Amino acid sequence: MSVKIRLARAGAHKRPFYHIVIADSRSPRDGRFIEKVGSYNPMLPADHAERVRLKDDRITHWLSNGATATDRVARFLGKAGLAPMPAYTEQPQQSAPKKKAQERAKAAAAAAAAVSGA
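Numbering-wise (the UniProt record's numbering), the sequence shown opens with residue 1 and increments by one.
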């Protein structure tokens, strides 16, 4: 049985609230869980103390027993110092300008530099 530390959605329509739970990876997102170890309220400002609440001792216990955190929860744990901060790549890569558009932008920048320099 693989155990995950993940978010379970609660709250009303357009008023999200999440419980941070320990659950079997096969159970549904809002379904059965083993233990509730914190909460996340995205409606609060980012610097508010109650935005993310964690039970540090229980989380370290589950991490030592082999539980893996999802991406979002791993970021919370990294900020709290309970786990190493996950590495994220630059995003999005698909929507970056293509080769010809980059060449046109470079040419426009060079023309602008020539005009301002003259």
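Every residue gets a Cβ at the ideal spot worked out from N, C-alpha and C, and that includes glycine. None of the values given here were measured: they were computed from a predicted structure.
At a Cβ-Cβ threshold of 8 Å, S2 and H19 do not count as neighbours. Fully contained in the segment 12-91 are the following alpha helix (DSSP H) runs of length 4 or more, in chain order: 56-64 and 71-80.
Inter-residue distance for D71 and A111 is about 44 Å (C-alpha atoms, whole angstroms). Exclusion of the five residues before and after T60 leaves L82 as the residues of its chain whose Cβ lies within less than 8 Å of its Cβ.
Note on geometry: alpha-carbon atoms of R58 and R9 lie some 20 Å from one another. Taking 8 Å as the cut-off, the beta carbon of P92 is found no closer than this to the beta carbon of A74. The beta-bridge partner set that DSSP reports for K4 consists of A23 and T68.
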